[in-house]
Amino acid sequence: MPHLNEKYEKKLFTRKDILIISEGVIGQNFIAWIRRSKVNSNYYTINCKNLNISCLPNSNLEYINEDMTGFFKVEKVLSKKPFESIFIIMKDRDEALEILKNVRILNQKVRVIFVNRWDGVRISDDYTTIIDRNEIVASQLYTRLPNIPTIAKDIGLGNGELMEVLIANGTTYAYKTFATLMSEEDTWRIVGVYRKKEFFFPKKNHLILPNDTLLLAGKPSVLESLYKKINDRQKVFPAPYGKNLALILNLNDSIEEIETHIKELYHFKVQLELVPKIYIYTSSIKNELKMKKLEIIIESYQSEYMILRKSQDYHRVIEDMSEHEVGVVFVSNNLFIKHFYQDKFYQMKIPVFIFGIKPLFDIKKSLLIMGKKEEMEKISTSVLDIAETFKFELNLCNYSPSGAFEDEETLDIEKHYETIANLFDFDINIEHKTVNPIRELAPKDDILHLIPFNKEFISRSIFEIFSMSLNQQFLNKHKYPKLLIPVVG
């Protein structure tokens, strides 16, 4: 007795009778494709002029030579077999339409595939599929333009719900984990990844590498937006964290300090290729003169992109920042060390700029202390993006009192940053010093310290406080400004 699967397979691959009415190069190439196919479950009846019959296998191909523009010839051929599909591939417009008309007189519901190579042909028929030669050529040319996604035309709806996205060198998503993208999945999914001619299903902790091709499925409009987002070149910071900037004012600062902070924020803005809005948050200042001076300072920039927002509710400030896609928030150190802000900023996964004594516009160097391998890799593209955008000298520093510079993890981090720097075409300085990092950096005031923003910043227990990481200890050094970069994924 046949196995159930065998029965199913026989039913699934029941022979289909196909009629091909063709002439010209397209028809001959189509038949050549059929000959090369290893799937021979169909039986083909072929009416094609000037075809070399000797090259056709006899097992599943039958050649006829009829004038299919005549009604009775069409009737004769169609009466022989119950054709499942009929392909009409003709050079002459009138002949092609005449054949289609005769087929429809004889059978209104047989599936017809009609190759159209002429302008002005209109066919309203639910059972006829139009293959427009000009559209296909134009589509092929279009998909070969740079910065254009490849969508599936031959499966699904063909409307762009299946898309391939190439991870280009320098995109902000290269060398981040797939969790960075997967956290945004809602109306789309990563179906799989092609890498070095192999296909695999990604896990959240896998790194996205340059030249990976992602296979995405979802709503076409969403995939188009996602394609643009993934393929944004570097120097689009603060993407992918957001697009606008925010400043939360410390009302204990003098008006002179506030003015300097706004100037630093504006300096940050003008370095960006995009044109972000600046949201300045403050509670109502009881000192009316101070509030008036603040408003005058903001108005002096004559910028429609600088917006003052007043609120006594810290929670509302955070909600407002999320609603307006804030990608970097600027705060004083005194404000940041309040646990409320640390928690909320960490949950928002956005960079935090902490003001130092020396203003940002006087800074020429950036510095990153070597830390945990996983964290260093996750923030690497953002680090290079920031350094390149602001034309900072970038120093990757391994300050070790014990002189441990050759361990495997350290070498992996250095190699990773050198690789990313090459992709950005950016020089990076790697320093090895047998020194205490706290003492080494204590006298410096002309650097922007780049720090991984991880869970250690929201510690609560006494034990955690007394075992603070180097980065947490650096946070208490007020001299130089700091930029905390979220460790996402």
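Letter by letter, the sequence shown follows residues 17 to 505 in my numbering. C-beta: ideal position from N, C-alpha, C; glycine also. Keep in mind it's a predicted model, so treat the numbers as computed, not measured.
Taking the Cβ atom as the reference point for each residue, do residue i and residue j lie within a distance shorter than 8 Å?
i: F194; j: I147; result: no
i: T397; j: K192; result: yes
i: V503; j: K381; result: no
i: F356; j: Y330; result: yes
i: Y496; j: K471; result: no
i: Q287; j: T405; result: yes
i: A233; j: V207; result: yes
i: K306; j: I271; result: yes
i: N58; j: M84; result: no
i: F473; j: Q358; result: yes
i: L261; j: I294; result: yes
i: I274; j: L310; result: yes
i: I104; j: I115; result: yes
i: L267; j: S241; result: no
i: T426; j: M386; result: yes
i: F99; j: D33; result: yes
List the residues that DSSP assigns as beta-bridge partners of residue i.
i: R127; result: S101
i: G208; result: L231
i: L412; result: L384 and I446
i: V347; result: I370
i: K326; result: T298
i: P468; result: I501
i: I264; result: Y297
i: I146; result: F130
i: T538; result: Nothing can be reported for residue 538, as the shown portion of the chain is limited to 17 through 505.
i: F215; result: Y210
On the three-state DSSP scale, how would you describe residue i?
i: R120; result: helix
i: G136; result: coil
i: Y317; result: coil
i: H448; result: strand
i: M5; result: Because the chain in this structure spans residues 17 to 505, residue 5 falls outside the shown range and cannot be described.
i: D33; result: strand
i: R160; result: coil
i: T85; result: coil
i: T196; result: helix
i: D462; result: coil
i: V342; result: strand
i: P292; result: coil
i: Y79; result: strand
i: I429; result: helix
i: Y189; result: coil
i: T435; result: helix
i: S95; result: coil
i: D378; result: helix
i: E111; result: helix
i: I353; result: coil
Express the C-alpha separation of residue j and residue i in angstroms, rounding to a whole number.
i: Y189; j: K407; result: 21 Å
i: L410; j: E430; result: 13 Å
i: I501; j: I467; result: 6 Å
i: H340; j: S319; result: 17 Å
i: A112; j: T203; result: 42 Å
i: F284; j: A184; result: 26 Å
i: E424; j: E289; result: 38 Å
i: Q250; j: I366; result: Per-residue confidence for Q250 stands at a pLDDT of 48, beneath the threshold of 50, marking its modelled position as unreliable; no derived number is given.
i: I481; j: L351; result: In this prediction, I481 scores a pLDDT of 41, lower than 50, which makes its location untrustworthy; the coordinate-derived value is nonetheless stated afterwards. For I481 and L351, the distance between alpha carbons rounds to 18 Å.
i: V345; j: I463; result: 19 Å
i: V354; j: P256; result: In the sequence on display, residue 354 carries Lys and not Val. Spanning the two alpha carbons is a distance of roughly 26 Å.
i: I312; j: D441; result: 42 Å
i: F46; j: N123; result: 24 Å
i: I373; j: I296; result: 20 Å
i: R205; j: L157; result: 27 Å
i: V451; j: R211; result: 42 Å
i: G218; j: A420; result: According to the sequence as given, residue 218 is Pro; it is not Gly. The alpha-carbon atoms of P218 and A420 are separated by roughly 34 Å.
i: S75; j: E39; result: 22 Å
i: R127; j: K97; result: 14 Å
i: H432; j: L400; result: 12 Å
i: M392; j: R52; result: 52 Å
i: K125; j: M179; result: 32 Å
i: N438; j: T229; result: 21 Å
In the DSSP assignment, find the unbroken beta strand (DSSP E) run with residue i in it and report its ends.
i: S382; result: K381 to I385
i: H222; result: Here H222 belongs to no beta strand (DSSP E), and DSSP marks it neither H nor E.
Given the structure, does residue i come close to the ligand SAH, in the sense that its CB is under 7 Å from one of the ligand's heavy atoms?
i: R120; result: Ligands displayed in this structure: none; no statement on the ligand SAH is therefore possible.
From what residue to what residue does the alpha helix (DSSP H) around residue i run?
i: I454; result: P453 to L457
i: I62; result: Here I62 belongs to no alpha helix (DSSP H); instead the beta strand (DSSP E) covers N58 to C64.
i: A48; result: G40 to R52
i: D401; result: S396 to T405
i: I278; result: I271 to Q287
i: S418; result: Careful: S418 lies outside any alpha helix (DSSP H) and carries neither H nor E.
i: I246; result: P236 to I246
Taking only beta-carbon positions, decide if residue i is within less than 8 Å of chain C.
i: I47; result: The structure shown contains no chain C; it holds only a single protein chain.
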